[in-house]
Amino acid sequence: MGIGAQSPFYRRALYRFFKSIYFRRTARTDDRVFAAYVSPSSSLSVLDVRKSLVDPVHERFIREWVEADTVVWDIGANLGLFALPAALMVRTGRVYAFEADLEPACNLMRSLRLNQNRTLKLSVMSVAISNEDAAANFQISKFSRALNKLEAIGKLRETFVVPEETRPVPTTRIDTLARSLAAPTVLKIDMEGAEMMVLHGGEQTIAMARPNILIECQSELQDSMAAFFQKHRYVLLDGEAKGRSPLQRPAWNTVAIPNEKLAVAPS
């Protein structure tokens, strides 16, 4: 029985046992290799050495949409398991990783100091991306740190989303950051229910820069997210599907591509 198939009680016990324990793993994506400090407190799957560290959806998106000159913004970077393989593809571009939780952000910076990663064009910022430039309460999950969230979005449905700690964090908008950073040509957004706040805080940048977007969508956000992308003339695709059949409503892993780009993109 795999780790993911264990009972919720067993999984919660594992999360608690491995809390704040980090170890080094090496990962391969296609013909490229990177190393990262990972923790089961963020994802139990890192304990299974048979599995790739990189989510297959992320790996495919990076392969299809990240090029040498791409500017990637990884919003909700966690351990950097999207940002690091994306940075392997970038040469003249840049990857910016944004993570509100100091612990995984610091460990991502620690990963960058490893010999395999020293030449990567990857910058890490510990800040929450939202819809305003302010401060907000950020809840640290008692169990999986991958479920940390902004308090303002309310309680999630998972039974083990129990906040152990609430701490204030700075928040800022994509539109604010784009005044001083290179605008994104690729956005990856995973904010545990705060995705619409992130989109609204980046509406001007999205309208002007027209980035390709990989975004997580919970069921309660489907209508508002569909309306947002329709307004900005994006085509929605299922990040887990093999083909490129347009969606009317977002999927859990949604790929959003500007209309004008999809017509010329390789299939």
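Just so we're aligned, residue 118 is where the sequence shown starts under our numbering, counting upward by one.
Glycine included, C-beta positions come from ideal geometry on N, C-alpha and C.
Computed from a predicted structure; not experimentally measured.
Membership of Pro-202 in the alpha helix (DSSP H) is indicated by the continuous run 200-206.
Straight-line measurement puts the Cα of Ile-192 at about 14 Å from the Cα of Arg-211. In this chain, the beta strand (DSSP E) harbouring Lys-305 covers 303-306.
With a threshold of 16 other beta carbon atoms within 10 Å, Ile-246 meets it and is buried. Between the alpha carbons of Asp-186 and Tyr-351 lies a distance of about 22 Å. If the five residues before and after Ser-341 are omitted, its C-beta is found closer than 7 Å to the C-beta atoms of Met-313, all from its own chain and listed in chain order.
A straight line joining the alpha-carbon of Gly-197 with that of Ile-291 spans about 19 Å. The beta-carbon separation of Ala-324 and His-349, rounded to 6 Å, stays under the 8 Å limit for a contact. Spatial neighbours of Cys-223 in its own chain (CB-CB distance under 6 Å, excluding positions within 5 residues in sequence) are not present. Residue state for Ala-153 is assigned as strand, using DSSP reduced to three classes. Annotated three-state conformation of Arg-262 is helix, per DSSP. Linking Val-150 to Phe-345 through their CA atoms gives a straight-line distance of about 37 Å.
For Asp-148, no beta strand (DSSP E) encloses it, and the DSSP letter there is neither H nor E. Across the set Lys-266, Ser-240, Ala-214, Pro-328, the C-alpha of Lys-266 shows the shortest separation from the C-alpha of Asn-254. Distances from the alpha-carbon of Arg-141 to those of Arg-180, Glu-176, Ser-124, Arg-230 put Arg-230 closest.
Comparing alpha-carbon positions, the option among Leu-237, Pro-202, Glu-309 lying closest to Glu-337 turns out to be Glu-309. Under DSSP, Gln-256 forms a beta bridge with Lys-266, Thr-283. For Ala-214, the enclosing beta strand (DSSP E) starts and ends at 211-215. Looking from the CA of Asp-147, the closest CA among Phe-135, Ser-169, Thr-283 belongs to Ser-169. Within the model, the alpha-carbon separation for Leu-298 versus Ser-124 is close to 44 Å. The C-alpha of Ala-217 is placed about 16 Å away from the C-alpha of Ser-137. Looking only at Glu-357, Gln-321, Pro-157, Ile-330, the smallest Cα-Cα distance to Lys-305 is reached by Ile-330. Residue environment analysis places Asp-307 among the buried positions, since at least 16 neighbouring C-beta atoms fall within 10 angstroms of its C-beta. When the alpha-carbon of Asn-370 is set against those of Arg-177, Ala-153, Asp-165, Glu-268, the nearest one is in Arg-177.
Under the three-state reduction of DSSP, Arg-177 is assigned to helix.
Counting C-beta atoms within 10 angstroms of its own C-beta, Ser-160 has 16 or more neighbours from the protein chains shown and is therefore classed as buried.
In this structure, Asn-195 keeps its C-beta atom at 8 Å or more from the C-beta atom of Pro-157.
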